Structures are given as C-alpha cells and as structure tokens.
Amino acid sequence: GLDKARAYDLVFPQGGKYSKIAGLAGKEQTVSLMGLVPFTFPFLDARSAKAKHGSLKYRRHTLYLRHGLAETNDKDAQLAALKATADAMSAPCKGFLASDESAGPWLRAGHVEAAKIPDTAENRAAYRSMLYTTPGLSEYISGVILHWETLFQKDANGDQMVDLITKNGMLAGIKLDKGYDKTGIMGTATGPLGHPETWCKGIDDLDKRCAEAYAKGARFAKWRNVLQIDPDQGIPSDLAIEVAVQNLAQYASICQRNKLCPIVEPEIVPNGSHSIEVCAAVTEKVLVAQFKALALHNIYLEGAVLKPNMVKNGLTGPKAPPETVAMLTVQTLRRTVPAAMPGIFFLSGETALDEDNEETATINLNAMHALKAMGKPWHVSFSYGKALQKTCIVTWMGKEANNPAAQAALLARCKANSEATYGKYVAGSCASVGSKGNVEMQGGAY
Ligand code: 13P
Numbered sequence: 001g002l003d004k005a006r007a008y009d010l011v012f013p014q015g016g017k018y019s020k021i022a023g024l025a026g027k028e029q030t031v032s033l034m035g036l037v038p039f040t041f042p043f044l045d046a047r048s049a050k051a052k053h054g055s056l057k058y059r060r061h062t063l064y065l066r067h068g069l070a071e072t073n074d075k076d077a078q079l080a081a082l083k084a085t086a087d088a089m090s091a092p093c094k095g096f097l098a099s100d101e102s103a104g105p106w107l108r109a110g111h112v113e114a115a116k117i118p119d120t121a122e123n124r125a126a127y128r129s130m131l132y133t134t135p136g137l138s139e140y141i142s143g144v145i146l147h148w149e150t151l152f153q154k155d156a157n158g159d160q161m162v163d164l165i166t167k168n169g170m171l172a173g174i175k176l177d178k179g180y181d182k183t184g185i186m187g188t189a190t191g192p193l194g195h196p197e198t199w200c201k202g203i204d205d206l207d208k209r210c211a212e213a214y215a216k217g218a219r220f221a222k223w224r225n226v227l228q229i230d231p232d233q234g235i236p237s238d239l240a241i242e243v244a245v246q247n248l249a250q251y252a253s254i255c256q257r258n259k260l261c262p263i264v265e266p267e268i269v270p271n272g273s274h275s276i277e278v279c280a281a282v283t284e285k286v287l288v289a290q291f292k293a294l295a296l297h298n299i300y301l302e303g304a305v306l307k308p309n310m311v312k313n314g315l316t317g318p319k320a321p322p323e324t325v326a327m328l329t330v331q332t333l334r335r336t337v338p339a340a341m342p343g344i345f346f347l348s349g350e351t352a353l354d355e356d357n358e359e360t361a362t363i364n365l366n367a368m369h370a371l372k373a374m375g376k377p378w379h380v381s382f383s384y385g386k387a388l389q390k391t392c393i394v395t396w397m398g399k400e401a402n403n404p405a406a407q408a409a410l411l412a413r414c415k416a417n418s419e420a421t422y423g424k425y426v427a428g429s430c431a432s433v434g435s436k437g438n439v440e441m442q443g444g445a446y
C-alpha cells in the first residue's frame with residue numbers, strides 16, 4: 001500500500017543501528033523518505049551460526065535490514081517525488097521564510113537598532129533556532145531557506161538546525177548560488193547598483209553540493225540571479241538576460257537530478273528611477289526568456305517553483321499604488337508562467353527608506369488576491385526575508401529573554417501574509433516597527 005509519491009516518516013528507536021546513521025542511535029530519530037517501495041530479500045539459513053544455550057540448541061540469526069524499505073532509482077518515482085515536494089511547498093495559505101542571509105539577518109533588515117547586534121556565528125544560531133522553533137509556524141510556512149552555514153549548524157542544545165525545522169513541520173531548503181563578482185560581464189553598462197551586469201557563481205561544484213544538502217535533509221534549493229534596470233543605458237541587456245536565465249536553468253537541472261526542488265529566482269532589482277511600466281516590460285521579457293531556457297534544459301516544471309520580483313516602480317521613480325502593482329504583476333505572470341508550475345513566491349526586495357517594507361509586502365500580495373477577476377492557476381504566495389523578520393529582529397535584539405516576544409512578532413507577520421494569500425488581510429492589523437528606524441541595508445551579497 002505504499003505510495004511512491006508520498007513522503008513517509010520512519011521512526012528509528014533509540015539504540016537501533018542503521019546504515020544511514022553511524023553507530024547506535026543515541027536518541028529516537030525520525031527520517032522523512034520519499035519514493036519508498038516495498039522489497040523482499042532472500043533468507044540464507046545455511047549460513048547462519050549454530051549456538052547452544054544450556055541444553056537448548058538453536059540457530060542465531062543476525063539480520064541487517066536497511067529499514068525494511070528501499071529507495072527506488074525509478075525515473076518516474078523521482079519526478080513524482082519532486083512534484084510532491086513542490087506541491088507541499090505550494091500548500092494553500094503557506095509561504096517560505098527566507099532565512100539564507102549571508103551576513104547576519106539584522107544587517108540586511110535595514111534598521112538602525114537591529115544593525116547593532118554583533119554578527120557572530122553564535123548569534124546567528126541563537127536567532128535562527130529561535131525562529132525555527134516558533135510554535136505554530138508551520139501553519140503559515142511550508143519551507144525555510146537556509147544558508148550553507150546553517151545547514152551544518154547546531155543550536156545551543158546541540159540539535160541540528162535542520163531537525164528543528166522538520167520537527168516543527170516544515171521543509172528545509174538550501175541557498176546554492178555563491179553570489180556574484182561585481183566585475184561583471186565584459187562590455188556591459190554599470191547599472192544603478194554601481195556595477196556592470198552579472199551572473200552568479202557556483203555551477204562548478206553544484207552537483208556535489210546538491211547531493212550533500214539532500215543527504216543533510218534539504219529537499220529544495222534556491223538560486224538568485226540579479227538583473228538591473230536602466231532604460232537610458234539599455235539594461236538589462238539581451239546578453240545579461242541570456243546569461244542569467246541559462247545559469248538558472250542549468251542550476252535547476254542539477255538540482256532536479258539530485259532530487260532537490262529548485263526555486264528559480266531571476267530577480268530584477270528596483271534600484272533606479274524607472275516607472276512601473278518599464279519594470280512590467282522588463283519582467284515580462286525576462287520571464288519569457290526564463291521559461292524558454294527551462295524548457296531547453298528539460299526542466300520538469302511540476303517539480304520546480306518561481307521566485308520573481310513584484311512589478312513595481314523604481315525606488316526613486318513615480319510611485320505606483322498597490323492596486324497597480326497587483327494588476328501589472330498578475331498580468332505579467334499570466335502572460336509568462338506556465339500553469340504546470342505549482343507555485344510562485346515573491347521576494348520582498350528593496351523598498352524606499354520612508355516605507356514600512358513589511359506592511360508594503362503584505363499589502364501588495366493581498367491586492368493581487370483581491371483581484372478575483374484575474375485567475376491565478378498557481379499558488380501565489382511569499383518568500384520574504386526582511387519583510388518577515390524586521391520587527392522580529394528589533395524585538396529580539398540578541399537577548400534570549402526576548403525569544404517569546406520575537407516569535408510572536410514573526411508568527412503575526414507570517415499569519416498576515418497567509419491572510420494576504422486569500423485577499424483577506426486588513427491593512428494595519430499586524431503590528432510592525434514601521435519605517436522610523438530605517439537605514440540603508442548592509443551585508444553585501446544575499
Ligand atoms: P527579501 O529579503 O528581499 O525578501 O529576499 C528574500 C530572498 O531570499 C532573496 O533571494
């Protein structure tokens with residue numbers, strides 16, 4: 001009665017010895033396995049040892065069962081497993097917690113007080129373990145994106161961070177791009193970020209890193225490429241778009257080969273003074289190119305998800321209201337994203353310093369779902385970093401005593417965005433630190 005496309009939790013009791021776990025299990029462990037099929041094995045009685053116990057003669061049998069079930073290499077089962085992961089990620093009313101900042105999340109949050117928290121590995125572990133153990137978080141969050149450091153990190157109690165996530169009912173994902181060199185592509189113009197057009201590093205050893213991440217418990221991955229807008233200089237150039245989408249498609253293919261569901265993130269940053277119409281045209285062009293590249297690389301769309309920017313005006317451009325953001329974003333996605341892909345999860349992105357970035361991100365998502373007349377064949381949701389965490393970080397401020405209050409702040413913002421996926425968020429109903437302490441975000445590459 002096993003369903004190959006379902007994940008099963010196998011419980012290994014304390015003291016058991018299994019090939020996937022070195023030595024005896026020190027404590028009870030649960031491992032989630034996908035693509036299981038029953039198998040039988042031959043029993044060779046002739047080779048078993050004879051033993052005597054008192055006057056009783058008997059045969060001693062030592063049986064090593066892997067776990068009574070085997071993973072299959074069947075191609076169909078692998079695709080079914082990828083689809084099951086993508087569907088679980090795209091569960092109704094849920095989104096992702098982007099927790100993969102390379103520097104401390106408090107540097108990326110863009111808040112004057114938050115930036116004072118010392119950026120040490122201990123602090124990152126303390127803060128992130130607090131996030132992942134938030135009671136009830138899986139009601140609104142299906143997947144958590146991790147930095148490589150966190151994938152191999154333990155909390156102060158010695159528990160693996162990945163286990164904190166899976167035990168709290170969420171899937172763990174891994175950020176796999178290695179950022180970009182600002183030197184960029186030869187001959188391209190310097191854009192509003194102050195450097196030429198770029199692509200991301202990390203393809204060379206990606207196969208190995210995917211396998212390691214899967215073995216450690218990750219089931220999905222993220223790769224972000226950055227494109228800039230400056231119409232006066234003709235960017236993004238056709239060259240930068242082509243390099244970016246091919247790079248992402250290659251990453252997606254290596255992920256799928258390694259059973260990781262890829263999040264494909266061609267981010268067009270909002271820096272610049274362009275209008276929202278320019279952003280709409282560029283986003284449409286990039287997404288058309290992206291799905292052409294995914295098709296060329298034989299990507300299984302049912303087992304992958306998209307993480308795009310919303311269609312917005314440039315940071316210093318003429319301001320477009322949430323209704324226009326929503327209309328142009330949904331229009332662009334309807335023109336470009338095949339219905340075969342189960343989910344679309346927005347990044348929150350840079351916002352102007354006088355804006356409450358958390359509230360803005362929730363309101364924009366809500367406005368898309370309030371547009372009932374424009375059908376959305378995918379799950380349309382959030383994959384926010386700073387827009388889920390800013391108030392939470394300012395509440396936490398590096399003090400364990402603040403954990404419960406910080407968890408409450410995170411949960412409240414996740415709930416608000418969950419309501420937004422139904423178009424039911426009431427603006428202002430979720431408390432936030434607002435825009436008062438806003439400063440330029442630090443922290444370099446994502
Ligand atoms: P934001 O902090 O802009 O939401 O970005 C999240 C992310 O994961 C970008 O790759």
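Under my numbering, think of the first position of the sequence shown as 1, with each following residue one higher. For each residue, glycine too, the CB sits at the ideal point set by N, CA and C. The structure displayed is predicted, hence computed values, not measured ones.
Query: For K154, three-class secondary structure by DSSP; Result: strand
Query: Selection from I203, S99, S253, G217 that minimises the alpha carbon distance to G179; Result: I203
Query: Exposed unless 16 or more other CB atoms sit within 10 angstroms - verdict on L353; Result: exposed
Query: Contact test: I145 Cβ vs the ligand 13P heavy atom, cutoff 7 Å; Result: yes
Query: Reduced DSSP secondary structure (H/G/I, E/B, other) of N258; Result: coil
Query: Secondary structure of W378, DSSP reduced to three states; Result: coil
Query: Short Cβ contact (8 Å threshold) for T336 with V311; Result: no
Query: Stretch pair the stretch 134-146 + the stretch 191-201: three plus CB contacts closer than 8 Å; Result: no
Query: Residue range of the unbroken alpha helix (DSSP H) whose run includes W396; Result: 386-396
Query: beta-carbon K116 near the ligand 13P non-hydrogen atom, thresh 7 Å; Result: no
Query: First and last residue of the uninterrupted alpha helix (DSSP H) at A295; Result: 276-296
Query: Cβ-Cβ separation, H147 to V394 (assumed contact under 8 Å), whole Å; Result: Their Cβ separation, rounded to whole angstroms, is 21 Å, which puts V394 and H147 out of contact at 8 Å.
Query: Unbroken alpha helix (DSSP H) run spanning K167, endpoints; Result: 161-167
Query: Within the stretch 204-238, ranges of the alpha helix (DSSP H) (whole runs, at least 4 residues); Result: 206-216
Query: Three-state class that DSSP yields for K75 in the structure shown; Result: helix
Query: Any non-hydrogen atom of the ligand 13P within 7 Å of Y448 CB; Result: This structure leaves residue 448 out entirely; the chain is present only between 1 and 446.
Query: DSSP-derived helix/strand/coil call for A91; Result: coil
Query: E355 CB to nearest heavy atom of the ligand 13P below 7 Å; Result: no
Query: Limits of the unbroken beta strand (DSSP E) element including L146; Result: 141-146
Query: Pairwise C-alpha distance: H379 and A91; Result: 8 Å
Query: Check whether S381 and G423 have beta carbons under 8 Å apart; Result: no
Query: Neighbour-count burial assignment, V264, 16 or more Cβ in a 10 Å radius; Result: buried
Query: Segment limits, alpha helix (DSSP H) that includes K175; Result: Careful: K175 lies outside any alpha helix (DSSP H), inside the beta strand (DSSP E) at 171-175.
Query: Alpha carbon of P308 to alpha carbon of Q14, nearest angstrom; Result: 44 Å
Query: Cβ-heavy atom distance, I386 to the ligand 13P, below 7 Å; Result: With the sequence shown as reference, residue 386 is identified as Lys, and Ile is not the correct amino acid for it. Yes, the Cβ of K386 comes within 7 Å of a heavy atom of the ligand 13P.
Query: Exposure of M130, with buried meaning 16 or more beta-carbon neighbours within 10 Å; Result: buried
Query: Whole-angstrom C-beta distance between G191 and D230, which should lie under 8 Å; Result: 5 Å
Query: Coarse secondary structure for I241, derived from DSSP in three states; Result: helix
Query: C-alpha gap between A114 and A409, whole angstroms; Result: 15 Å
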